[in-house]
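Numbering (my numbering), first residue to last: 2 to 200.
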């Protein structure tokens, strides 16, 4: 009798092990796909890796303006082999903490082809990134430039006054906002409408 019951227990045990192993494999696969968006959310919440915050008009309107100032330095780069010129129109600016400010960047397509690019960004020092809030930025969308076309692109931002209460940022006197333009997949790119009606 004991011998006849052993194969049943063994089969149930094998099914259970197989179910657990399959569940773990599916969980790991799911976490693999979710890791990039989860990491992006983590960086946006914490400012880790120089990721800035994104603010809407309502949040920006409620920010208390202080009497303290901060120097902001602007940096612009293009990836190797991207035939664009890209630069800030002003290298540095002194802003009042909590007050909205605007920086303008200039880009020109030096090639004879339509090129679509996306700007990645970074803030230094990293611990200040969580207090750098962008309301409007060309980096939120793809930018398409016709051959020889040049454009001015704004960034509207503010530095959150909470930076003044953060002991990790007590010695920060300057924040650097750096952009790098990368070519996006041209086959997926749509030409932007630069006419007055199109915005």
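Glycine included, each C-beta is placed from N, C-alpha and C at the ideal position.
For residue i, count the other beta carbons within 10 Å of its own beta carbon; 16 or more makes it buried, fewer makes it exposed. Which is it?
i: residue 79; result: buried
i: residue 131; result: buried
i: residue 26; result: exposed
i: residue 15; result: exposed
i: residue 146; result: buried
i: residue 22; result: exposed
i: residue 129; result: buried
Suppose contacts are defined by Cβ-Cβ distances below 8 Å. Is residue i in contact with residue j by that definition?
i: residue 99; j: residue 64; result: yes
i: residue 177; j: residue 74; result: yes
i: residue 112; j: residue 168; result: no
i: residue 97; j: residue 119; result: no
i: residue 109; j: residue 151; result: yes
Assuming residue i contacts residue j under a Cβ cut-off of 8 Å, what Cβ separation, rounded to an integer in Å, is found between them?
i: residue 201; j: residue 71; result: Any property of residue 201 remains undetermined from this structure, which presents the chain solely from 2 to 200.
i: residue 209; j: residue 153; result: No information on residue 209 is available, as it lies outside the stretch 2 to 200 that the chain covers here.
Contact between the stretch 112-123 and the stretch 159-167: three or more CB pairs below 8 Å?
Contact between the stretch 112-123 and the stretch 159-167 is not established, with fewer than three Cβ pairs separated by less than 8 Å.
Threshold first: 3 residues or longer. Then list the beta strand (DSSP E) segments lying entirely within the stretch 120-193, N to C.
Within the stretch 120-193, the runs of beta strand (DSSP E) that reach at least 3 residues and sit entirely inside it are, in chain order, 133-138, 144-146, 151-160 and 175-184.
Run through the stretch 56-110 for me and flag every whole alpha helix (DSSP H) of 4 or more residues, listed as ranges in chain order.
Segments of the alpha helix (DSSP H) lying fully in the stretch 56-110: 58-62.
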